[in-house]
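Colleague: Same order as they appear, the protein sequences are chains A and B. Residue numbers for the first sequence follow my numbering, beginning at -17 and rising by one. Residue numbers for the second sequence follow my numbering, beginning at -17 and rising by one. Ideal placement from N, C-alpha and C gives every residue a C-beta, glycine not left out. Have a look at this one before I ask anything.
Number of protein chains: 2
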Amino acid sequence: MSTKRATGITVKKNENFSEWYSQAILKSGLVDYAPVKGFIVLRPYGYALWESIKCKLDATFKETGHQNAFLPTLIPESLLAREEHHFSGFTPEVFWVTKAGDNQLSERLALRPTSETLAYSLFSKWIASYRDLPLKINFWNTAVRAEIKATKPFIRNSEFLWQEGHTVHSNEKEAEEEVMLILEIYQKMIEDYLAIPTIRGLKSNKEKFVGAEYTTTLEGLMTDGKALQMATSHHLGQNFSKPFEIKFLGKDSHEHFAWQTSWGVSWRLIGAIVMVHGDDKGIIMPPKVAPIQVIIIPIFRDGEGIQVKSKAFDIANELKQLEIRVQVDDRDEYTSGWKFNEWEVQGVPLRINIGPKDIREDRTEFVRRDTGEKVFIKRSKVSESAILFLEEIQKNLISHAKKYLEENVTRANNYDDLKSILENRGGFVLAGWCGDEKCEITIKEETGADIRVIPFEPQEKSVSATCVYCGQQAKMVPIFAKAY
Amino acid sequence: MSTKRATGITVKKNENFSEWYSQAILKSGLVDYAPVKGFIVLRPYGYALWESIKCKLDATFKETGHQNAFLPTLIPESLLAREEHHFSGFTPEVFWVTKAGDNQLSERLALRPTSETLAYSLFSKWIASYRDLPLKINFWNTAVRAEIKATKPFIRNSEFLWQEGHTVHSNEKEAEEEVMLILEIYQKMIEDYLAIPTIRGLKSNKEKFVGAEYTTTLEGLMTDGKALQMATSHHLGQNFSKPFEIKFLGKDSHEHFAWQTSWGVSWRLIGAIVMVHGDDKGIIMPPKVAPIQVIIIPIFRDGEGIQVKSKAFDIANELKQLEIRVQVDDRDEYTSGWKFNEWEVQGVPLRINIGPKDIREDRTEFVRRDTGEKVFIKRSKVSESAILFLEEIQKNLISHAKKYLEENVTRANNYDDLKSILENRGGFVLAGWCGDEKCEITIKEETGADIRVIPFEPQEKSVSATCVYCGQQAKMVPIFAKAY
Chain A
-17 MSTKRATGIT VKKNENFSEW YSQAILKSGL VDYAPVKGFI VLRPYGYALW ESIKCKLDAT
43 FKETGHQNAF LPTLIPESLL AREEHHFSGF TPEVFWVTKA GDNQLSERLA LRPTSETLAY
103 SLFSKWIASY RDLPLKINFW NTAVRAEIKA TKPFIRNSEF LWQEGHTVHS NEKEAEEEVM
163 LILEIYQKMI EDYLAIPTIR GLKSNKEKFV GAEYTTTLEG LMTDGKALQM ATSHHLGQNF
223 SKPFEIKFLG KDSHEHFAWQ TSWGVSWRLI GAIVMVHGDD KGIIMPPKVA PIQVIIIPIF
283 RDGEGIQVKS KAFDIANELK QLEIRVQVDD RDEYTSGWKF NEWEVQGVPL RINIGPKDIR
343 EDRTEFVRRD TGEKVFIKRS KVSESAILFL EEIQKNLISH AKKYLEENVT RANNYDDLKS
403 ILENRGGFVL AGWCGDEKCE ITIKEETGAD IRVIPFEPQE KSVSATCVYC GQQAKMVPIF
463 AKAY
Chain B
-17 MSTKRATGIT VKKNENFSEW YSQAILKSGL VDYAPVKGFI VLRPYGYALW ESIKCKLDAT
43 FKETGHQNAF LPTLIPESLL AREEHHFSGF TPEVFWVTKA GDNQLSERLA LRPTSETLAY
103 SLFSKWIASY RDLPLKINFW NTAVRAEIKA TKPFIRNSEF LWQEGHTVHS NEKEAEEEVM
163 LILEIYQKMI EDYLAIPTIR GLKSNKEKFV GAEYTTTLEG LMTDGKALQM ATSHHLGQNF
223 SKPFEIKFLG KDSHEHFAWQ TSWGVSWRLI GAIVMVHGDD KGIIMPPKVA PIQVIIIPIF
283 RDGEGIQVKS KAFDIANELK QLEIRVQVDD RDEYTSGWKF NEWEVQGVPL RINIGPKDIR
343 EDRTEFVRRD TGEKVFIKRS KVSESAILFL EEIQKNLISH AKKYLEENVT RANNYDDLKS
403 ILENRGGFVL AGWCGDEKCE ITIKEETGAD IRVIPFEPQE KSVSATCVYC GQQAKMVPIF
463 AKAY
């Protein structure tokens, strides 16, 4: 943690959200910019957060019968082109390798924008019979897509850390169940660990993954009123198994094309944590995924250091026993005030101050990052209190985020309504839709908002039964929003 | 595990080592070939082995104060070129990205052959004062180097999984200590976990890492008599800190260039496990890193299945309590003989057979993969015996490998000796060397052997005090060998 320059954030979150975000992620030491435009570097603090998220998800994938594997970064152009829609969706973003050393390659190689084509060319070799199914494989890697739009760290980058899962099944029902199982795993992790509520449902045909039958999604709402797609889980049907010839001999002794799914989450989740929970002082880490859950600051003048530091390390050792991720900031070169500020920018959920007076009075001072609340805690109660405080902070973050989401789902009964809401307050707007892509496109062009999600669960607020744009009978009630 | 077709290996290890190796890694389900020549895919079983190794190393790196981070895949040509020797060493192997979508890039981007240049351009921004040092960062990623020579899975590929550590220090002594600390961590892990003995020492100037002051190495000996470089740890001196301007303000209030190290191990270690421990039946996993340590086979005829399988799962649950990685192969579609063969090819160290007769006699049958030994074990002793057997197998593997290594370090007192040993039996050959690169190069040209390592520890066998090639006074006694 020694290499950050924590100076406070100089803008307010609700005054200049975009600048606040940039400062929060840079000054907390999560990221830095890479030399190539659109690419970022994850510094140790940022990577530790990614490891926390990864560790939790990975365990859940394994518990549900998925296995990890590794695929190379490079995909031959001919392979990428085998599924037509998929290829045309990705080619504008592909980085092409054309030379190795001084030699021109005979076929261009794409930097993996996603691994469907590469994985499925292998799956077709690995699968022969129903005995080989289901095949459920996950890859922790990066995807590389040349971003032409404005980039934003974690949210839109030319390379991003993610996981991509790919499964193959002998029947459609099992594949569809897998799509939903994964969506539930994502939603539970994002809500329980990242403390971010999401709305789940379908993407419209226009917004679905290129090559999928349908795409399910979790949509989150950032505190500037813009939507963020947090996770997607796709039913691929037989759209890839046919061009890639993923066939199996069934129990009926006939050959069948397999049914497939793919799904992924990326380091976008880190961006969401920052946007949803952060405040004017910096980021606030949800305790369950915080790389450092408790920071202990020994406060002392010359001559008192040894005793105070020793007490601080005693407490740290006690907390470590409980598997709390704790650090002591015992650096002599910085003042306590400077340290408070640094750890606040970094969003460590709980700070414990201890000085000579506290030692005399057999106590410590707990400071909550989320509320700023300060409480003296008896030395003997430090462990149990730390656990309680961390739980309390986690609960407070999710309850705040849920309240914000609920308050910012509104309904629009007519097109003027929709435009006015999107212009003035943003957020998620429920509105009737006839199902025609023309209305969807026009709304997007005129308001900048698209269909984020067609919710699975009926939303409480009642909405007019006609299409918000054309006035025809509405077939469904999607959520419209401007989005990242 | 459902997607392999385990047919036995059709050649003997000591008759056709190369073909045996290819069959062993393919038929065990460790790897498959990727569509681009020279690239491979790690299948779930292979990736699980990599995760075992990674997990152990990662914990040790963290215990010794290293942090993980993430760097992008692409490096601008100008940055790669900033350290001249380094650049000229890598350019013949670089894959170049020249286009994004349809757009020609203004500067070519290299696929990361190694991250020194990219990391150090960032370190120079992150480091300002002695307070920011030491900086100790590790990256788990892949390196991409176009292999022009014949490729071999795990041993020589155009992309490989590895970790690369990069540290920055305020003085040379600390950097040199780091180089040795890491070499020791590697050696201990490779010996204690992979059961492979290595000889540690220096690379010659000709063989060192391009850009390093010196390179330390661990050399292993494969059972075909060829050497394999298992791990390297480099002292970079100030060779990179000067061109990359990694400077810090010292306690003396003066500016200094920093001292640096870099180090790495790759999935080569998997290739070494296969080569060193495997036998005619397939691979043999060292228990400490085996993805599956114990496989339980319920053996039954029609009608007996339920009872036998239930016993098998009882045992598995008991072993899981002890954190043994265990699986039950309860598939109905395969015969027991077929299963035995499959798990032998995959090298699961311990197999437990259980059938109706065993249940009646309150016992199980233990079968060791390394020796083939079969023993009946009372049901009540299964847990403690499994632990003992796994320890015993681990010990047996390292003791065998050590014996092989000792028997295959020989000495050459003159050039004819050296040529004859290299031609007939291979292995490691100790021979005097004057230190002149001309002798080193001629020996390589004439025998195919190079200097693998100049050992730190004096080797027991006494060697002539003259250079094996030119007859001048020897300055050191390196190990010569043909190598992968």
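What residues of chain A sit near glutamate 141 of chain B, judged by a beta carbon separation below 7 Å?
Modeller: Your numbering for residue 141 of chain B matches position 159 in the second sequence. Under the 7 Å cutoff, chain A gives Pro54, Thr55.
Colleague: Let me know the secondary structure DSSP gives tyrosine 29 of chain B once reduced to three states.
Modeller: Numbered from its first residue, the second sequence carries residue 29 of chain B at position 47. Here tyrosine 29 of chain B sits in helix by DSSP.
Colleague: Have a look at aspartate 40 of chain B and leucine 117 of chain A and give me their C-alpha separation to the nearest angstrom.
Modeller: Locating residue 40 of chain B in the second sequence gives position 58, where the first residue counts as 1. Locating residue 117 of chain A in the first sequence gives position 135, where the first residue counts as 1. For aspartate 40 of chain B and leucine 117 of chain A, the distance between alpha carbons rounds to 29 Å.
Colleague: Can you pull the chain A neighbours of aspartate 14 of chain B, defined as C-beta to C-beta under 8 Å?
Modeller: By 1-based counting over the second sequence, the position of residue 14 of chain B is 32. Result: Leu104, Lys107, Trp108.
Colleague: For the alpha helix (DSSP H) holding lysine 420 of chain B, just list the boundary residues, first then last.
Modeller: Here the question's residue 420 of chain B lines up with position 438 in the second sequence. Element bounds for lysine 420 of chain B: 419 to 429.
Colleague: Less than 6 Å between C-beta atoms, sequence neighbours within five positions excluded: which residues of the same chain meet that for valine 445 of chain A?
Modeller: Taking the first residue of the first sequence as 1, we reach residue 445 of chain A at position 463. Counting only Cβ-Cβ distances below 6 Å, and skipping sequence neighbours, we find Arg393, Leu412, Gly414, Val459.
Colleague: Note down the Cα distance separating glutamate 439 of chain A from aspartate 262 of chain A, rounded to an integer number of angstroms.
Modeller: Residue mapping note: residue 439 of chain A aligns to position 457 of the first sequence, counting from 1. Residue mapping note: residue 262 of chain A aligns to position 280 of the first sequence, counting from 1. Each residue's alpha carbon lies about 34 Å from the other.
Colleague: Please name the residue or residues paired with histidine 217 of chain B in a DSSP beta bridge.
Modeller: For the purposes of this step, residue 217 of chain B is taken as residue 235 along the second sequence, with counting starting at 1. According to DSSP, which records beta bridges pairwise, histidine 217 of chain B is partnered with B:Tyr196, B:Thr243.
Colleague: Any residues in the region 57 to 78 of chain B with a beta carbon nearer than 8 Å to a beta carbon of chain A? Which ones, in chain order?
Modeller: Cβ contacts with chain A: Ile57, Pro58, Leu61, Thr73, Pro74, Glu75, Val76, Phe77, Trp78.
Colleague: Our contact map puts isoleucine 425 of chain A next to tyrosine 451 of chain A with C-beta atoms below 8 Å; I'd like the distance itself, whole angstroms only.
Modeller: The residue given as residue 425 of chain A occupies position 443 in the first sequence. The residue given as residue 451 of chain A occupies position 469 in the first sequence. Correct: roughly 6 Å between the Cβ atoms.
Colleague: Does DSSP put threonine 99 of chain A in a helix, in a strand, or in coil?
Modeller: Here the question's residue 99 of chain A lines up with position 117 in the first sequence. Helix at threonine 99 of chain A.
Colleague: Taking only the alpha-carbon atoms, compute the straight-line gap between isoleucine 35 of chain A and proline 74 of chain B and give it to the nearest angstrom.
Modeller: For the purposes of this step, residue 35 of chain A is taken as residue 53 along the first sequence, with counting starting at 1. For the purposes of this step, residue 74 of chain B is taken as residue 92 along the second sequence, with counting starting at 1. For isoleucine 35 of chain A and proline 74 of chain B, the distance between alpha carbons rounds to 38 Å.
Colleague: Could you pull the DSSP bridge partners for asparagine 85 of chain A from this structure?
Modeller: As a position in the first sequence, residue 85 of chain A is number 103, starting the count at 1. BP columns for asparagine 85 of chain A point to A:Ala82.
Colleague: For the ligand GTP, any of its heavy atoms closer than 8 Å to the Cβ of leucine 39 of chain A?
Modeller: For the structure depicted, the ligand GTP is absent and the ligand set is empty, with no information on it obtainable.
Colleague: Alpha carbon to alpha carbon, what distance is there between glycine 47 of chain A and serine 318 of chain B?
Modeller: Position 336 of the second sequence, counting from 1, holds the residue named residue 318 of chain B. Position 65 of the first sequence, counting from 1, holds the residue named residue 47 of chain A. Those two C-alpha atoms are separated by around 24 Å.
Colleague: What is the residue span of the beta strand (DSSP E) that alanine 125 of chain A lies within?
Modeller: Position 143 of the first sequence, counting from 1, holds the residue named residue 125 of chain A. Element bounds for alanine 125 of chain A: 117 to 126.
Colleague: In the DSSP assignment, find the unbroken alpha helix (DSSP H) run with alanine 6 of chain B in it and report its ends.
Modeller: For the purposes of this step, residue 6 of chain B is taken as residue 24 along the second sequence, with counting starting at 1. Note, alanine 6 of chain B: alpha helix (DSSP H), -1 to 9.
Colleague: Does DSSP put isoleucine 461 of chain B in a helix, a strand or coil?
Modeller: Residue mapping note: residue 461 of chain B aligns to position 479 of the second sequence, counting from 1. Note: isoleucine 461 of chain B maps to strand in three-state DSSP.
Colleague: Does the beta-carbon of serine 0 of chain B have 16 or more other beta-carbons within 10 angstroms, so that it is buried, or is it exposed?
Modeller: Taking the first residue of the second sequence as 1, we reach residue 0 of chain B at position 18. By the neighbour-count rule (16 or more Cβ atoms within 10 Å), serine 0 of chain B is not buried but exposed.
Colleague: Determine whether the Cβ of valine 276 of chain B lies closer than 9 Å to any Cβ atom of chain A.
Modeller: Indexing the second sequence from 1 puts residue 276 of chain B at position 294. It does not; no Cβ of chain A falls within 9 Å.
Colleague: Out of curiosity, what's the CA-to-CA distance linking alanine 82 of chain A and alanine 101 of chain B?
Modeller: Here residue 82 of chain A refers to the residue found at position 100 when the first sequence is read from its first residue. Here residue 101 of chain B refers to the residue found at position 119 when the second sequence is read from its first residue. Distance between the alpha carbons of alanine 82 of chain A and alanine 101 of chain B: 23 Å.
Colleague: Please determine, among B:Ile380, B:Glu374, B:Ile369, the residue with the shortest C-alpha to C-alpha distance to methionine 171 of chain B.
Modeller: Working through the second sequence from its first residue, we reach residue 171 of chain B at position 189. When only C-alpha atoms are compared, the closest one is B:Ile380.
Colleague: To the nearest angstrom, report how far apart cysteine 416 of chain A and asparagine 120 of chain B are at their CA atoms.
Modeller: For the purposes of this step, residue 416 of chain A is identified with residue 434 of the first sequence, where counting begins at 1. For the purposes of this step, residue 120 of chain B is identified with residue 138 of the second sequence, where counting begins at 1. C-alpha separation (whole angstroms): 53 Å.
Colleague: For chain B, find out if any of its Cβ atoms is closer than 9 Å to the Cβ of tyrosine 386 of chain A; answer yes or no.
Modeller: As a working mapping, residue 386 of chain A is identified with position 404 in the first sequence. Chain B, which has no Cβ nearer than 9 Å to the Cβ of tyrosine 386 of chain A, makes this no.
Colleague: By the criterion of Cβ-Cβ separation under 8 Å, what are the contact partners of alanine 51 of chain A in chain B?
Modeller: Taking the first sequence and counting its residues from 1, the one referred to as residue 51 of chain A is at position 69. Result: Val23, Leu24, Arg25, Pro26, Gly28, Tyr29.
Colleague: Quick one: residues in its chain with C-beta nearer than 7 Å to the C-beta of serine -16 of chain A, no 5 flanking neighbours on either side, listed in chain order?
Modeller: On the first sequence, position 2 is the one that residue -16 of chain A refers to. Note that serine -16 of chain A scores 40 on pLDDT, short of 50, meaning its location in the model is unreliable and no value can be drawn from it.
Colleague: Do you know offhand how far threonine -8 of chain B's Cα is from histidine 259 of chain B's?
Modeller: Counted from its first residue, the second sequence places residue -8 of chain B at position 10. Counted from its first residue, the second sequence places residue 259 of chain B at position 277. Computed Cα separation, rounded: 18 Å.
Colleague: So with Cβ pairs under 9 Å, would you call isoleucine 423 of chain A a contact of chain B?
Modeller: Working through the first sequence from its first residue, we reach residue 423 of chain A at position 441. No, isoleucine 423 of chain A lies away from the interface with chain B (no Cβ there is under 9 Å from its Cβ).
Colleague: Nearest chain B C-beta to tryptophan 32 of chain A closer than 9 Å, yes or no?
Modeller: On the first sequence, position 50 is the one that residue 32 of chain A refers to. With 9 Å as the cut-off, tryptophan 32 of chain A counts as an interface residue toward chain B.
Colleague: I'd like to know if cysteine 449 of chain B contacts chain A, where contact means its C-beta is closer than 9 Å to some C-beta of that chain.
Modeller: In the second sequence, counting from the first residue as 1, residue 449 of chain B sits at position 467. Taking Cβ atoms only, chain A never reaches closer than 9 Å to cysteine 449 of chain B, which makes this a no.
Colleague: Taking a Cβ distance cut-off of 7 Å, strictly less, list which residues of the region 115 to 146 of chain B are near chain A, in chain order.
Modeller: Residues passing the 7 Å Cβ filter: Leu117, Ile119, Thr124, Val126, Ala128, Glu141, Leu143.
Colleague: Using a beta-carbon distance cut-off of less than 9 Å, what residues from the region 82 to 100 of chain A approach chain B?
Modeller: Against chain B - using a Cβ distance shorter than 9 Å - the residues of the region 82 to 100 of chain A are Ala82, Gly83, Asp84, Asn85, Leu87, Glu89, Arg90, Leu91, Leu93, Leu100.
Colleague: How many whole angstroms separate the CB atoms of leucine 332 of chain B and arginine 351 of chain B, which I take to be in contact at a CB cut-off of 8 Å?
Modeller: Here residue 332 of chain B is taken as the residue at index 350 of the second sequence, counted from 1. Here residue 351 of chain B is taken as the residue at index 369 of the second sequence, counted from 1. Leucine 332 of chain B to arginine 351 of chain B, Cβ: 7 Å. Contact.
Colleague: Is tyrosine 175 of chain A buried or exposed, if buried means 16 or more other CB atoms sit within 10 Å of its CB?
Modeller: Working through the first sequence from its first residue, we reach residue 175 of chain A at position 193. Tyrosine 175 of chain A should be labelled buried.
Colleague: Would you mind reading off the limits of the beta strand (DSSP E) that contains arginine 351 of chain A?
Modeller: In the first sequence, residue 351 of chain A corresponds to position 369, counting from 1. Per DSSP, arginine 351 of chain A belongs to no beta strand (DSSP E) and is neither H nor E.
Colleague: For glutamate 237 of chain A, which of A:Ser367, A:Glu146, A:Ala110, A:Ala16 has the nearest alpha-carbon?
Modeller: For the purposes of this step, residue 237 of chain A is taken as the residue at position 255 of the first sequence. Comparing Cα-Cα distances from glutamate 237 of chain A to each of A:Ser367, A:Glu146, A:Ala110, A:Ala16, the minimum goes to A:Ala110.
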